[in-house]
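The numbering used here puts the first residue of the sequence shown at 332, with every later residue one more than the last.
Working notes, beginning with the structure itself.
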Amino acid sequence: MNQSPSKPARIFTTKRTPRGGEILRFARQMRGYTQAESAASYGIEERTLRRWENREFDPKWNDVISLVEDVYLLDILEVIGKINHDDTHNN
């Protein structure tokens with residue numbers, strides 16, 4: 332096979348998309364809400380939110396977006412960006 336000289340490969344770094352529970356915990360803590368307050372505001376049981384945040388179950392993306400934007404009044408993309416840029420954030 333005849334190969335022409337190639338340019339050095341570009342290395343792209345991509346940010347990972349955080350899991351739904353990670354986004355929920357981060358947004359809730361940003362706003363200073365308890366799990367009980369958040370769950371009551373969204374109309375779910377506190378244990379459901381706790382399970383989402385602890386990665387026992389994965390929330391549906393519509394629940395993640397609704398909680399972040401409608402309950403916490405934050406922009407979902409900004410929250411994801413902050414998670415990806417926050418050096419002190421613990422999963």
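All C-beta atoms in this analysis are idealised placements derived from N, C-alpha and C, irrespective of residue type, glycine included.
Asked: Expected contact under 8 Å - CB spacing of Arg356 and Tyr403 to nearest Å; Found: No, Arg356 and Tyr403 are not in contact; Cβ-Cβ is about 11 Å, not under 8 Å.
Asked: CB-CB length for Arg350 against Asp389, believed under 8 Å; Found: 7 Å
Asked: Where the alpha helix (DSSP H) through Asn415 begins and ends; Found: Ile407 to His416
Asked: Nearest-angstrom Cα separation, counted from Arg378 out to Leu405; Found: 23 Å
Asked: Beta-carbon proximity of Arg381 to Gln366, cut-off 8 Å; Found: yes
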